[in-house]
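Step one of this worksheet: look at the structure below.
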Ligand SMILES: Cc1cc2nc3c(=O)[nH]c(=O)nc-3n(C[C@H](O)[C@H](O)[C@H](O)COP(=O)(O)OP(=O)(O)OC[C@H]3O[C@@H](n4cnc5c(N)ncnc54)[C@H](O)[C@@H]3O)c2cc1C
């Protein structure tokens, strides 16, 4: 894998960049010590490692906007990061970059059962979105196997899915709206809390864009009633072909399981 060559000019300006970041963020939100930035040296693709120049952990959209504005003015590359469970190196830093982690932005902003939506800060983990609504009989369908750790931020950037997605679709089918900060610090709203929001449908472009268009800070997600009477069934097969045909037959028969997963050896 070829990564961009880090700019020595940017690295030479580290002290000034850190000072400017400290002016807009609380003390505990700027990590510039070389030993501590190592915690952000890779995602789940651990074959490639490089500590970032600085890591920041903002709490609000305004702080994200301030960070991006400063980095834009200073010519510093920014790598957004959720929980760092990407298997594709999406959150891999370069030595001249600022890692912008949203892990501390994990609040539920609004729950609206009448319209079956939840609005969260995107650092919230996937499983804890369901955790916020399950007592009331609801769940959030896209369920990557990493759901205990991965954040809605990364789910949106990677358009993630899991066993529920045959029936309910992947992230893009369950995302209603986002607040996103562009790389110059401008804050934009796309979509909203209801189906077919006005304006151009840009959500499909943002979902799956791997952090290249901006930093998503808030998301409005569709939540669903938990299916009644769902029961797990485990079926063993002698070979993959037969297992695949069985899945086709189930769907052809008009039965759409709430979740379905194939496990090989
Ligand atoms: C054990 C394991 C099992 C997994 N199972 C599945 C699975 O079943 N299905 C599946 O789809 N994936 C799976 N994954 C991959 C990974 O968990 C998902 O891609 C997940 O959505 C990544 O979320 P994250 O918060 O960890 O993102 P990160 O790894 O932090 O980042 C992923 C990408 O999103 C970008 N990004 C992060 N935050 C933002 C933001 N706020 N705004 C814009 N861009 C941002 C990053 O720059 C990067 O490009 C698995 C990974 C592991 C380790």
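In this note's numbering, the protein residues as written are 103 to 367.
Even glycine gets a Cβ: it sits at the ideal position worked out from N, Cα and C.
Contact annotation: the stretch 343–355 does not touch the stretch 245–259, with fewer than three C-beta pairs closer than 8 Å. Taking C-beta atoms as the reference points, residue 308 and residue 219 fail to come closer than 8 Å. Contact check between the stretch 299–306 and the stretch 266–285: three or more CB pairs, one atom from each, fall below 8 Å, which counts as touching.
Here residue 221 is buried: its Cβ has 16 or more other Cβ atoms, across all protein chains shown, within 10 Å.
In the structure shown, residue 259 adopts helical secondary structure according to DSSP, grouped into three states. Residue 203 holds the alpha-carbon nearest to the alpha-carbon of residue 223 among 245, 203 and 153. Across the structure, residue 135 and residue 199 are spaced so that their CA atoms are roughly 14 Å apart. When the beta-carbon positions are compared, residue 142 and residue 153 come within less than 8 Å of each other.
Burial check for residue 249: the Cβ neighbour count within 10 Å reaches 16 or more, so the residue is buried.
The distance from the Cβ of residue 272 to that of residue 163 is about 25 Å, inconsistent with a contact at the 8 Å cut-off.
Ligand 1 approaches residue 182 closely enough that one of its heavy atoms is under 7 Å from the residue's Cβ. Across the set 113, 170, 120 and 117, the C-alpha of 170 shows the shortest separation from the C-alpha of residue 316. Inclusion of residue 259 in the 7 Å shell around ligand 1 follows from its C-beta lying nearer than that to a non-hydrogen atom of the ligand.
Taking a contact to require three or more Cβ pairs closer than 8 Å, the stretch 190–198 and the stretch 106–117 qualify as touching. The Cβ-Cβ distance between residue 111 and residue 147 does not fall below 8 Å.
The distance from the Cβ of residue 241 to that of residue 215 is about 12 Å, inconsistent with a contact at the 8 Å cut-off. Our two residues, residue 330 and residue 360, have alpha carbons roughly 10 Å apart in a direct line.
Sixteen is the threshold: when 16 or more other Cβ atoms of the shown chains lie within 10 Å of the Cβ of residue 207, as they do, the residue is buried. Remark: the shortest separation between the CB of residue 154 and any heavy atom of ligand 1 does not fall under 7 Å.
Here DSSP, grouped into helix, strand and coil, assigns residue 272 to coil. In the structure shown, the three-state DSSP call for residue 253 is strand.
Rounded to the nearest whole angstrom, the C-alpha separation of residue 285 and residue 118 is 19 Å. Here residue 221 carries a strand assignment [DSSP, helix/strand/coil].
Assigned with DSSP and collapsed to three states, residue 130 falls in helix. At a cut-off of 7 Å, the beta-carbon of residue 309 does not count as near ligand 1: no heavy atom of the ligand is closer than that. Within the DSSP secondary-structure output, residue 282 pairs in a beta bridge with 290 and 318. Shortest gap from the CB of residue 230 to any heavy atom of ligand 1: 7 Å or more. Between ligand 1 and residue 262, a heavy atom-to-CB distance of less than 7 Å is present.
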